[in-house]
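**Student:** Chains as they are written, first to last, in the working numbering: chain A, 64 to 272; chain B, 27 to 269; chain C, 8 to 310; chain D, 998 to 1227. Think of the CB as a built atom: it goes at the ideal place given N, C-alpha and C, for glycine as much as any other residue.
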Amino acid sequence: MAVAPTPAERFIQGILPENPVYRQLLGLCPTLAVTNGLQAALTMAGAVAFVLFCANIVTSTIRHLLKPHLRIVIFTLIIATFVTITDRFLAAYMYGMSKLLGPYIPLIIVNCIIICRCEVCASRQSVFAAGADALGQATGFALALVSIAAVRELLGSGMLFSVQVLPESWPNWVIMILPPGAFMTLGLLVGAVNWFEQRRSEQAESERG
Amino acid sequence: MLYFTDIILIALGAALVNNFVLYYFVGICPFIGVSRRIDMAIGMGFAVTFVISIAALLSWTITTFILMPGAPLSKFVAGWFMPPDAAAKVDLTILSYVVYIFAIASSVQFVEMYVRRFYPSLYRSFGVFLPLITTNCAILFACLIIFSHIVGVDNPADVWDLGKSLTLAVFGGVGFTIAITIMAGIREELELCDVPQSLRGAGITLLVAGILAMAFMGFTGVDSGLKKAMTPSPVQAQQSSRE
Amino acid sequence: MIWVTVSLAAATMVGMAVTMSYILGWANRAFHVDVDSRVEAVIDALPGANCGGCGYVGCSDYAEAVVAGKAPVSKCTVGGDSCAAALAGIMGVEVAQSWPYRPIVHCGAHYDDRLDRAEYHGEKKCSAANLVAGVQGCTYGCLGFGDCERACEFDAIHVIDGLATVDYEKCVGCGACAKACPRNIITMIPFKYERMLAVTCSNKDIGDEVKVVCKVGCIGCRACSRFCSLFHMEENLPAIDYDKYCGDFMEELSKAVQKCPRKGLVLMGKPSPRDQEAVSDKTLPRVIEADFKTTVDDTEWWG
Amino acid sequence: MSMKPLHPMEPIEPGKLERLKRNYLVQAWLVLMLALFFGAALAGVHLELAPKIAANKTNETYVKIPEIILGSELAEELAQQGEALIVEPHTVAVEKEQRRIVYTIYEASYPDGKLAGWVAKSSGQGYADKIELLIGFTPSVDTLTGIFVLDQKETPGLGNKIITLDWRQQFSNLKTLQPIEVTKGGASDPNQVDAITGATISSRSVTGIVNNAVADLRGPLTAMANARGK
């Protein structure tokens, strides 16, 4: 049997080999919806990280009390509670951001990443391992969000973090900020990641053979 | 008449102009996952439409009667412990997300059991999609939109009643069905195409979805135009009244 | 105020949880469907990938079919033998000995054997060429554009000299090639032995017409069916009854092979030690691309 | 007392404790406990943060009021002097086409009590979604002082130019007596504004919302101003 990954390995796994967006195609709704600017994307990633971390820790703490047929209900309850808390904190301390993200913060509840991590990892592992796993997955999610947002914001408005980066003469590709741009950017990036991955495995194979 | 206009505008907006999938990006997971065959896509679409309507009914009822400030039930219960004017301010809206997701989860499970018991053939064809729907953002999103039109609305005339809420839900589901069926049709044809290896699967689907979203952008402004056509311009009305 | 709100919120949540669990508990009893406990056991034993590889909609559908006795226990390709054994344990049946299924290409015509060819300017795919009449005379035989080769994940089928040829050393029997072939000339048969006899033609036309389009195609002479009872003729084409196929028929079969005027009965499968010895000093032929090249500019068919 | 031998097939009567354990409410004790705990915790969070969120919401409007009424330069000057306008919210209900429309009106006055102007919040359908506006009036309600876009989802790069100061400034000093018109290419008449290139509908939507609000509110606001003057 394979050796169970250490917490550190779990952390690294989440960043690229098991990246929730590019490799597992989970949590696509916020990935598409909030990536028209880097600030919104980072806030979203932070919110998801907080919820994921808290939900993983709590689930892992009570993992011995869970009954199989009620576990999903309990995961949902935990996640929904933390999402509500996040939503209110954003509304109280980052009002503009909260207004910009609008319904996509409560939609974290149905983000498959979190319930998937609770089910796959946190309900079976120690608190420490679950925490590391949450951080890894959250970092991977944040990286994916930031990469998409960077492409869209740069091409769509010539800016990064609302600071003009490209010369003023850049004809803003408005379509990148609109919904179609989101789909296309994600599609091409998924293709690019697959391509790299394929090339790497081919190289590894040719080295072996 | 005005009410009728509102209903039409809400329906049109939810189904086409602000399509749940292609404009708001909710329900992407089934949109990518279950759009490989047209019959499955239609099954998923109907299942979503059905559940979304039930969820809208429940969330409207719960919000109006329990959660919102001054809701009859919470006001009544709080009235036992505190003066009525304070009781009217009891605000339970913070529970809304938790309550909605629970209402969705349990109604999905209830529908699943019911259909399985009484319509086994129907259960065979679309029952398999029901568990997937619990974590479908489109349902929760519809509840949230309805919530935003009940709580915190400045103008009492703009607060949505059950009819408007259900319209949004049903036509949101119809919009989802339209989008996922078109997508499935395109993907069936894509099977015959020589797609670059790395783009196969999710990549090409997302690119096609982008083009589809672009097509749906053509609907933008249709609702505002229709609204102008259906309501006499107030300025004109004012001018004519002056004459 | 504070305490009323807090307790009201808590009470709402608990009330909701209680209502929910009562309604669902009631529904569970009221809408109870008698599910054979074996179905649940089978579902648990299956991998739950819902891949549809068994030919059913999902694992639960297959489980119901197994319990109803409509499906054999060995259909799950993902779970493999251990899964089949587990299902057999639940169902109280023995796993019937299952043979590995391998593809057979029912065409034996290499490029030069085919007659009445025409230049084909279209996309170099069987699925596309199949839609065009007159690419080659035979409307049943292998087109040689390698749709099967592209479908194979295991590099186990190649177009050699215009004919799809299975590499049985590499083949795992996934059936992808059989699905990919637009002319349906690849079938999956149970390999009871290392090498199986196969009819290498799919042409159902009468002999004279076959001779016009192919040098090796079956002319429907019925010689094989006269010498061996395993053959029966279907629309001018012999078919082998693989259910009955076994060593007892070896003599009859070899006679049929000898009598076939077109040498269209061929043993397929892993090469025998004798074959390997015979070719050990020769270099194996390279894979040759199908040579249906157009004489006009390559880009023209795009319009 | 001799004990009856237990028949092997006879079901054993479940004990009280057993029955209790099978009750689904008891099975779900963890869910109920969590629901109780989380419900209380959420209410706590709400009580803690609700005032702050409410303040955020009103502030969003209030910080814009001086700029709309006085213009950005004067507003800054006032802020530098460490003084602020006193803002008092009212609601005005207007009956129109059998429908009751409620406007939120902010009455702004200088620290010395002199009326500085009125700001009304109004919203309507834009090209893509709802547009929410703040509209400023002079104390006598005969002239607009300016508008501000609180919320919009117009097309980026085209329709969303309605938020730029350049375009909004066209609305300051327009008379309220006749409706504002939108023209393409060079406003010549006093009550005309230029449409944004490529976003005529967005421009018309904003103008329509302003015209609506002006038509609805000119009467009530004048009455309020007069009442205050007395």
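#1: What does Leu31 of chain C touch in chain B if you count any residue whose Cβ is under 9 Å from its own?
#2: Any Cβ of chain D within less than 8 Å of the Cβ of Asp117 of chain B?
#3: Residues of the region 120-141 of chain A in Cβ contact with chain B at a cutoff of 9 Å, in chain order, please.
#4: Give a yes or no on contact between the region 143-163 of chain A and the region 107-127 of chain A, applying the rule of three or more CB pairs nearer than 8 Å.
#5: List the residues of chain B that Val1190 of chain D touches, going by C-beta distances under 8 Å, in chain order.
#6: Would Tyr1100 of chain D and Asp1213 of chain D qualify as a contact pair, given that the criterion is a beta-carbon distance under 8 Å?
#7: Quick check: what's the CA-CA separation for Ile92 of chain B versus Tyr29 of chain B?
#8: Cβ closer than 8 Å: which chain C residues qualify as neighbours of Val1028 of chain D?
#9: State the CB to CB distance for the pair Gly194 of chain A and Gly77 of chain A, rounded to an integer number of angstroms; the pair is presumed to be in contact (CB under 8 Å).
#10: List the residues of chain B whose Cβ lies closer than 8 Å to the Cβ of Thr1101 of chain D, in chain order.
#11: Which stretch, first to last residue, makes up the beta strand (DSSP E) that contains Arg202 of chain C?
#12: Compare the C-alpha of Ala163 of chain C against each of C:Phe152, C:Tyr175, C:Ile9 and C:Asp43 and name the closest.
#13: Can you look up His1087 of chain D in the DSSP assignment and give me helix, strand or coil?
#14: Between the Cα of Tyr1107 of chain D and the Cα atoms of D:Ile1062, D:Lys1150 and D:Leu1131, which residue gives the shortest distance?
#15: Compute every distance between the C-beta of Ala1090 of chain D and the non-hydrogen atoms of the ligand SAM, then say whether any falls below 7 Å.
#16: Give the secondary structure of Ala246 of chain C by DSSP, where H, G and I count as helix, E and B as strand, and everything else as coil.
#17: Which first and last residues belong to the alpha helix (DSSP H) in which Ala48 of chain C is found?
#18: Are the Cβ atoms of Leu170 of chain C and Cys149 of chain C separated by less than 8 Å?
#19: Taking a contact to mean a Cβ-Cβ separation below 8 Å, would you say Leu1218 of chain D touches Phe1145 of chain D in this structure?
#20: Which runs of the beta strand (DSSP E), 3 residues or longer, sit entirely within the region 179-230 of chain B?
#21: Once you ignore the five residues that flank Leu83 of chain B on each side, which residues in its own chain have a CB closer than 7 Å to its CB?
#22: Can we say the region 187-206 of chain B touches the region 98-106 of chain B, given the rule of at least three CB pairs closer than 8 Å?
#23: If the cut is a Cβ gap below 8 Å, which residues of chain A does Met243 of chain B touch?
#24: For Tyr29 of chain B, report the span of its alpha helix (DSSP H) as first-last.
#25: Looking only at its chain, what residues have a beta carbon closer than 6 Å to the beta carbon of Ala1105 of chain D, apart from the 5 residues adjacent to it on each side?
#26: Does the distance from the C-beta atom of Ala205 of chain B to that of Ile58 of chain B stay below 8 Å?
#27: For Cys55 of chain B, decide whether its Cβ has a neighbour in chain A, counting only Cβ atoms nearer than 8 Å.
#28: Find out if the Cβ-Cβ distance for the pair Ala235 of chain B, Arg62 of chain B is shorter than 8 Å.
#29: The region 1190-1212 of chain D: which residues have C-beta closer than 7 Å to a C-beta of chain B, in chain order?
#30: What would DSSP say about Glu296 of chain C, mapped onto helix, strand or coil?
#31: On the CB-based measure, 16 or more other CB atoms within 10 Å of its CB, does His1043 of chain D come out buried or exposed?
#32: Identify the contact partners of Val177 of chain B in chain A, using a Cβ-Cβ distance below 7 Å as the criterion.
#33: List the residues of chain D that Thr19 of chain C touches, going by C-beta distances under 7 Å, in chain order.
#34: Return the CA-CA distance between Cys114 of chain C and Glu259 of chain C, expressed in angstroms with no decimal places.
#35: Return the bridge partner residues of Lys1093 of chain D from the DSSP annotation.
#36: Report the neighbours of Cys163 of chain B on chain A: residues whose CB is nearer than 7 Å to its CB, in chain order.
**Tutor:** In short, the structure shows the following:
#1: Ordered by position in chain B, the residues that pass the 9 Å Cβ test against Leu31 of chain C are Ser132, Gln135, Phe136 and Met139.
#2: Yes, because at least one Cβ of chain D sits closer than 8 Å to the Cβ of Asp117 of chain B.
#3: Going along the region 120-141 of chain A in chain order, one finds Ile135, Val136, Thr139 and Leu140 with a Cβ nearer than 9 Å to chain B.
#4: The region 143-163 of chain A makes contact with the region 107-127 of chain A, as at least three CB pairs between them are under 8 Å.
#5: Those do not exist, as Val1190 of chain D stays about 14 Å from chain B at its closest Cβ, beyond 8 Å.
#6: It is a contact, given that the beta carbons lie within the stated cut-off.
#7: Ile92 of chain B and Tyr29 of chain B have their C-alpha atoms spaced approximately 26 Å apart.
#8: What Val1028 of chain D touches in chain C: Ala24 and Ser28.
#9: A Cβ-Cβ distance of about 12 Å is found for the pair Gly194 of chain A and Gly77 of chain A, leaving them out of contact under the 8 Å criterion.
#10: Thr1101 of chain D reaches chain B at Asp180, counting residues in chain order whose Cβ is nearer than 8 Å.
#11: Looking at the DSSP string, the run of the beta strand (DSSP E) that includes Arg202 of chain C is Arg202 to Val206.
#12: Each of C:Phe152, C:Tyr175, C:Ile9 and C:Asp43 was checked against the Cα of Ala163 of chain C, and the nearest Cα belongs to C:Tyr175.
#13: In the structure shown, His1087 of chain D falls within a strand segment according to DSSP collapsed to helix, strand and coil.
#14: Of D:Ile1062, D:Lys1150 and D:Leu1131, the residue nearest in Cα terms is D:Ile1062.
#15: Looking at this structure, you won't find the ligand SAM or any other ligand, since it has none at all.
#16: Ala246 of chain C carries a strand assignment under DSSP once its states are collapsed to helix, strand and coil.
#17: The continuous alpha helix (DSSP H) containing Ala48 of chain C extends over residues Ser44 to Ala52.
#18: Against a cut-off of 8 Å, the Cβ pair of Cys149 of chain C and Leu170 of chain C comes out as a contact.
#19: Result no, Cβ atoms of Leu1218 of chain D and Phe1145 of chain D do not sit closer than 8 Å.
#20: Assignment of beta strand (DSSP E) within the region 179-230 of chain B, counting only whole runs of 3 or more residues, yields no such run.
#21: Excluding positions up to five away in sequence, the list reads Leu192.
#22: Contact between the region 187-206 of chain B and the region 98-106 of chain B is absent, because fewer than three Cβ pairs lie under 8 Å.
#23: Under the 8 Å cutoff, chain A gives Leu241, Pro242 and Pro243.
#24: Here the alpha helix (DSSP H) through Tyr29 of chain B covers Leu28 to Leu38.
#25: By the criterion of a C-beta distance shorter than 6 Å, Ala1105 of chain D is surrounded in its chain by Ile1062, Ile1066, Leu1082, Val1084, Ala1113 and Gly1114, once the five residues flanking it on both sides are discounted.
#26: Pairing Ala205 of chain B with Ile58 of chain B gives a Cβ-Cβ distance that is not under 8 Å.
#27: With 8 Å as the cut-off, Cys55 of chain B counts as an interface residue toward chain A.
#28: Between Ala235 of chain B and Arg62 of chain B, the C-beta gap is not smaller than 8 Å, which leaves the two residues out of contact.
#29: Answer set for the region 1190-1212 of chain D: Ile1198, Ser1202, Asn1208, Asn1209 and Ala1212.
#30: Here Glu296 of chain C scores only 42 on pLDDT, less than 50, and its place in the model should not be relied on; the value that follows carries that caveat. In the structure shown, Glu296 of chain C sits in coil (DSSP, three-state: anything other than H, G, I, E or B).
#31: Per the 10 Å Cβ criterion, buried.
#32: Within chain A, no C-beta atom comes nearer than 7 Å to that of Val177 of chain B; the closest sits roughly 13 Å away.
#33: Within chain D, the residues near Thr19 of chain C are Gly1036.
#34: Using only the alpha carbons, I get a separation of about 23 Å.
#35: As DSSP reads the structure, Lys1093 of chain D sits in a beta bridge with D:Arg1096.
#36: Result: Cys92, Leu170 and Val173.
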